[in-house]
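So the sequence shown is numbered by the numbering used here: it starts at 4 and just counts up by one.
Yeah, the Cβ is synthetic: ideal placement off N, Cα and C, and Gly gets one too.
Below is one structure, written out as structure tokens; the observations come after it.
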Amino acid sequence: MLKSIFKALFILIILIILVYVSLVYFQGGFGKKDPVILPVKNQDSVLLFAHRGVTEKFPENSREAIEQAKKLKFKGLEVDIRKSADNQFILFHDENAGRLLGIDTNIYNLTTRQIKGYKLLIDKDTSKSMVMTLPEMLDEYRGDFIIYLDMKLKGIAEVDELVHLIWTYDLSGSVIIANVNPLVIFYVEYNYPAIMTALEGFDTGKEWIWRLMPKDLKPDFLSGFASKVDEKHVEWLKKKDLLGSRIVYGIDSTNYQAMVDLGVKKMIVDYYKALQIP
């Protein structure tokens with residue numbers, strides 16, 4: 004019995020290896036992927052993404068926070084994407100609506116109409132802001148930012164819908180789809196290679212993930228926390244010519260200059276008053 008189990012496991016491992024080798028072969032091997040050219044005037048300048056907009060005085064992911072990012076001349080905007088019960092893309096970070104709407108239920112249990120019946124909270128106080136849908140945001144700000152969509156979605160079908168929405172607005176050159184799951188990134192890269200992607204959670208010590216990815220399925224950008232970026236990691240990025248493809252989040256007044264000194268060019272920033280926006 005035990006011998007049969009080991010034999011089955013061995014066959015399964017061989018099959019997995021064969022599938023992986025075939026995938027690598029047909030998806031460009033382990034070669035270098037050409038870097039993406041973002042629509043900014045100076046490719047060597049620092050590009051700052053406003054983290055959920057500028058949330059000093061306004062709720063995160065709100066129209067007011069995004070408008071403030073525009074007024075401060077941020078070139079990039081990071082927002083979080085979820086789905087409502089009626090299948091609408093909304094700008095919302097948490098799975099549970101308690102912190103941001105004061106309702107103890109998951110956001111995907113509420114329709115857009117129900118969600119818009121509540122005002123967003125900021126530091127537990129009720130604001131004048133409401134949750135925006137993604138189309139509402141794109142209608143108002145489609146030409147104002149390079150938009151980083153932190154995609155907190157559940158299924159591949161939702162990825163297809165999001166990509167088609169980006170195409171509808173003709174924004175494939177200025178929208179980055181970000182997700183922590185490499186399989187989601189592979190799916191987008193395989194089916195929609197013109198869409199820019201970012202693999203989240205790519206921190207120091209995870210360089211091996213990049214090495215294992217077939218060239219044609221590699222993400223365009225690699226995102227991870229500033230606290231996990233050190234000189235050794237930066238040297239690896241430079242050696243692989245990936246420093247320009249690195250996006251760092253968790254940036255504020257305590258670590259911004261340190262990241263600049265390390266040569267990091269793309270940052271998702273929590274705004275502070277002394278910040279000089281390039």
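With respect to the 8 Å criterion, I19 and F61 are not classified as neighbours on the basis of their beta carbons.
About 4 Å separates the beta carbon of I271 from that of Y252, a gap short enough to meet the 8 Å contact definition. Within the stretch 214–278, the alpha helix (DSSP H) runs of at least 4 residues that lie entirely inside it are, in chain order, 234–242 and 259–265. Here the alpha carbons of G34 and D206 stand approximately 21 Å from one another. Using a 10 angstroms sphere on the CB of E59, the tally of other CB atoms stays under 16, which defines it as exposed. Following the DSSP letters along the chain, one finds N182 inside the beta strand (DSSP E) bounded by residues V178 to N182. Within the stretch 127–196, complete alpha helix (DSSP H) segments of at least 4 residues are found at 137–144, 159–171 and 185–194, given in chain order.
Within its own chain, the residues whose Cβ lies closer than 6 Å to the Cβ of R85, once the five positions on either side in sequence are excluded, are I93, F95, I110 and K155, listed in chain order. Assigned with DSSP and collapsed to three states, N90 falls in coil, not helix or strand. Selection D255, S7 and L137 evaluated against A229 yields D255 as nearest (Cα-Cα).
Here DSSP, grouped into helix, strand and coil, assigns I106 to coil. Here N194 is not near I188, since their CB atoms are 8 Å or more apart. If you draw a straight line from the Cα of V49 to the Cα of S177, it comes to about 16 Å. By alpha-carbon distance to V191, the top candidate from E161, G204 and Y172 is E161. Taken through DSSP and simplified to helix, strand or coil, L113 comes out as coil.
The three-state reading of DSSP puts R85 in strand, counting E and B together. Within its own chain, the residues whose Cβ lies closer than 6 Å to the Cβ of S130, once the five positions on either side in sequence are excluded, are P62, K122 and L123, listed in chain order. A100 sits in coil when the DSSP states are folded into three classes, being neither helix nor strand. Annotated as distal: K276 and R249, with beta-carbon spacing of 8 Å or more. Rounded to the nearest angstrom, the gap between the Cα atoms of V232 and P196 is 28 Å. Per DSSP, the continuous beta strand (DSSP E) segment holding F52 begins and ends at L50 to H54. L202: member of the beta strand (DSSP E) spanning M199 to L202, first to last residue. Residue nearest to G32 within the set K221, D47 and L174 is K221 (criterion: CA-CA distance).
A Cβ-Cβ distance of about 6 Å is found for the pair G227 and G204, placing them in contact under the 8 Å criterion. When only Cα atoms are considered, F148 and A53 end up about 10 Å apart.
For the options I159, I150, P185 and N184, the alpha carbon positioned closest to that of Y172 is the one of I150. In terms of Cβ geometry, S175 and S65 do not form a close pair [threshold 8 Å].
Across the structure, V82 and V134 are spaced so that their CA atoms are roughly 12 Å apart.
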